[in-house]
Amino acid sequence: MEPEETAGGQGANMAQSAASKLSQMGERTKQLVTKDPERQKRIILVIVCTALLLDNMLFMVIVPIIPDYLEGLQKAADKAEEAVLHTNSTNSTIHKADKGNFDLQIGVLFASKAILQLLVNPLSGTFIDRVGYDIPLFIGLNVMFLSTVIFAFAENYATLFLARSMQGLGSAFADTSGIALIADRYTEETERSKALGIALAFISFGSLVAPPFGGVLYEFAGKKVPFLILACICLTDALLCLAVLKPFSNRERENMPVGTPIYKLMIDPYIAVVAGALVVCNIPLAFLEPTIANWMEETMQASQWEIGMTWLPAFFPHVLGVYLTVKLAAKYPHLQWFYGAIGMVFIGASSCTVPACKNFGQLMIPLCGICFGIAFVDTALLPTLGFLVDVRHVSVYGSVYAIADISYCMAYAMGPVVAGQIVHDLGFVQLNLGMGLANVLYAPALLLLKNVSKMKPSFSERNMLLEDGPTGLYDTIKTEEREKKRKGLCTTIDENGAETFAQRSYSEESSGGDYA
């Protein structure tokens with residue numbers, strides 16, 4: 001009995017020791033999250049960047065996998081039907097029509113993610129403004145995890161289409177809430193530009209590394225492996241989000257203001273100019289991705305590995321562009337509009353020179369120029385959206401970054417469907433000249449943003465001490481008016497109230513506080 005009692009005592013001691021260590025780890029995690037805000041911001045940046053990396057890898061990883069996989073399924077189905085029906089003339093006609101529609105089916109499958117994301121974004125932006133950034137991010141990661149698992153085990157076109165559409169749904173929540181969360185936590189403009197630049201670098205890396213990643217694993221390990229790897233990373237990121245952000249126990253949202261409705265943000269002229277620039281600058285990338293492979297095969301007899309590696313070298317100039325823009329924005333923050341305009345001119349010039357390339361080496365130069373220019377535009381204008389919301393509206397960022405996501409989705413939804421038709425009707429050269437001209441002509445429109453940096457922040461509800469958490473827009477406005485009266489400020493709000501109040505607030509400061 002004594003040995004058994006001794007063993008039992010040792011087991012109890014080990015259990016107590018393990019419980020003690022777990023408790024200590026929990027306390028350390030709590031301290032990590034609550035007692036060091038700077039470290040918490042870095043952890044949040046890691047979570048968001050991982051989500052953006054996964055989304056863009058899943059977006060592009062199917063490029064070398066799905067066409068070949070669907071072609072194999074089609075051939076298997078044809079053989080099975082031939083064996084049963086002995087290849088009568090009616091069925092052969094049907095198969096020819098199906099093969100003629102194969103490219104269209106691939107294009108629709110690729111575009112379905114961006115189309116659904118485009119449709120859901122107005123709703124997801126409003127939802128994010130209402131419930132905060134944590135819950136939508138967690139929901140988006142879980143939906144992306146499910147869509148990736150479905151991709152791994154899908155064996156027909158309908159299931160693949162479902163998985164692709166689900167990814168668009170998850171992206172509408174994860175991407176928008178992630179970017180908005182960065183803008184919310186990094187309130188200082190230099191820090192915000194740097195954090196958003198890092199996020200853009202992960203987006204670029206995911207998009208450019210995914211095709212070779214998927215192609216190699218598909219060739220040597222099968223279709224399931226690349227998707228299961230991405231699913232595991234996505235699940236890990238979702239668990240980290242749950243542990244660090246605690247989305248379902250966070251009550252900060254109760255004391256946050258109600259954000260500006262998305263339709264009001266869309267008609268803001270400054271935000272509209274930025275959104276238009278994001279659409280136009282991403283069109284060359286979105287339109288070249290589905291068309292450049294066939295053009296390379298026809299004009300330069302490119303091998304499969306060259307086609308697969310087409311975009312990978314462009315990652316490095318993209319990161320360089322992000323780095324330069326962040327450094328320039330820190331030193332000359334009033335020239336953000338100028339950096340965006342330079343980027344659009346770079347994109348336009350590079351796009352026009354693509355058809356002149358005669359070999360793989362020459363093609364790398366304009367493609368790197370396009371990605372370099374996109375880095376300038378995105379890194380300069382995404383922080384500008386956050387700043388515009390701060391100075392002209394309410395400092396809640398879900399809807400404004402939903403507009404940015406809508407801009408990207410418009411380009412990528414049109415790409416797989418429209419680009420092929422333009423190449424067929426007009427030619428590859430005309431497509432590139434048109435895209436380049438559109439970027440160069442749009443660049444002067446960014447002059448409208450020249451005076452944005454001179455705007456002064458409005459008296460946002462975010463900066464008030466709320467006596468009671470507002471339960472709706474009416475309560476929020478009343479609380480704001482009450483606080484303004486207490487501070488002796490003007491309470492008149494009209495259609496241009498945010499901007500008018502900012503100007504008056506500036507006048508008050510410059511006149512020594514005599515204005516009331």
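Using the UniProt record's numbering, you'd call the opening residue of the sequence shown number 1 and step up by one each time. The beta carbon of each residue, even a glycine, is placed where N, CA and C say it ideally should be. All of these numbers come straight from a predicted model, not from anything done at the bench.
Sorting Ile128, Ala163 and Ile135 by C-alpha distance to the C-alpha of Phe145 places Ala163 at the top. Using a C-beta cut-off of 8 Å, the stretch 126-143 makes contact with the stretch 167-178, since at least three inter-stretch Cβ pairs fall below that distance. For Phe248, no alpha helix (DSSP H) encloses it, and the DSSP letter there is neither H nor E.
Counting only runs of at least 4 residues, the stretch 155-187 fully encloses the following alpha helix (DSSP H) elements, listed from N- to C-terminal order: 157-185. Closest in alpha carbon position to Val423, among Gln362, Pro355 and Pro67, is Pro355. Here Ile44 has Leu181, Ile182, Arg185, Val244 and Leu245 as same chain residues with Cβ atoms under 8 Å from its own Cβ, once five neighbours each way along the sequence are excluded.
Contact check for Pro290 and Gly434: beta-carbon distance about 16 Å, past the 8 Å limit, so the pair fails to qualify. If you check the CB distance, Val274 and Leu385 come in under 8 Å.
Counting C-beta pairs closer than 8 Å gives fewer than three between the stretch 221-237 and the stretch 330-342, which falls short of the contact rule.
Taking all protein chains in view, the Cβ of Leu239 is surrounded by fewer than 16 other Cβ atoms within 10 Å, so the residue is classified as exposed.
Cα atoms of Val120 and Glu82: separation of roughly 42 Å, rounded to the nearest angstrom. By the CB criterion at 8 Å, Pro257 and Val394 fall inside the cutoff.
When the five nearest sequence neighbours on each side are left out, the beta carbons in the same chain lying within less than 6 Å of the beta carbon of Asp129 are those of Gly259, Val396, Gly398 and Ser399, in order along the chain. The stretch 355-374 and the stretch 405-420 do not touch, with fewer than 3 CB-CB distances between them shorter than 8 Å. Counting along the chain, Pro383 sits inside the alpha helix (DSSP H) bounded by residues Phe360 to Arg392.
Gly222 carries a coil assignment under DSSP once its states are collapsed to helix, strand and coil.
Cβ neighbours of Ile283 within its own chain (closer than 6 Å, five residues either side excluded): Ala411 and Met435.
With fewer than 16 other beta carbons inside 10 angstroms of its own, Ser303 counts as exposed. A residue is called buried once 16 or more other Cβ atoms fall within 10 Å of its Cβ, and Tyr401 is buried on that count. Here Lys194 is buried: its Cβ has 16 or more other Cβ atoms, across all protein chains shown, within 10 Å.
When the beta-carbon positions are compared, Ala443 and Val326 stay at least 8 Å from each other.
Rounded to whole angstroms, the separation of the alpha carbons of Ser249 and Glu38 is 21 Å.
The three-state secondary structure of Asp268, taken from DSSP, is coil. By the neighbour-count criterion, in which 16 or more other beta carbons inside 10 Å mark a residue as buried, Asp425 falls on the exposed side. In the three-state reduction of the DSSP assignment, Gly140 falls in the helix class. Distance between Phe151 and Ala231, taken at the CA atoms: about 10 Å. Boundaries cannot be given for Ala419, as no alpha helix (DSSP H) includes it and DSSP labels it neither H nor E. Ranking Trp295, Val322, Trp311 and Val319 by CA distance to the CA of Pro366 puts Trp311 first. In the structure shown, the three-state DSSP call for Val149 is helix. Selection Gly132, Val417 and Pro383 evaluated against Glu188 yields Pro383 as nearest (Cα-Cα). For Tyr133, the number of other beta carbons within 10 angstroms of its own is at least 16, and it is reported as buried.
Here DSSP, grouped into helix, strand and coil, assigns Lys454 to helix. In the structure shown, Val396 adopts coil according to DSSP, grouped into three states.
Sequence-distant Cβ neighbours of Leu116 in its own chain, meaning closer than 8 Å and more than five residues away, are Ser165, Gly168, Leu169 and Ala172. Rounded to the nearest angstrom, the gap between the Cα atoms of Ala286 and Ile62 is 15 Å. Selection Ile403, Val48 and Ser407 evaluated against Ile198 yields Val48 as nearest (Cα-Cα).
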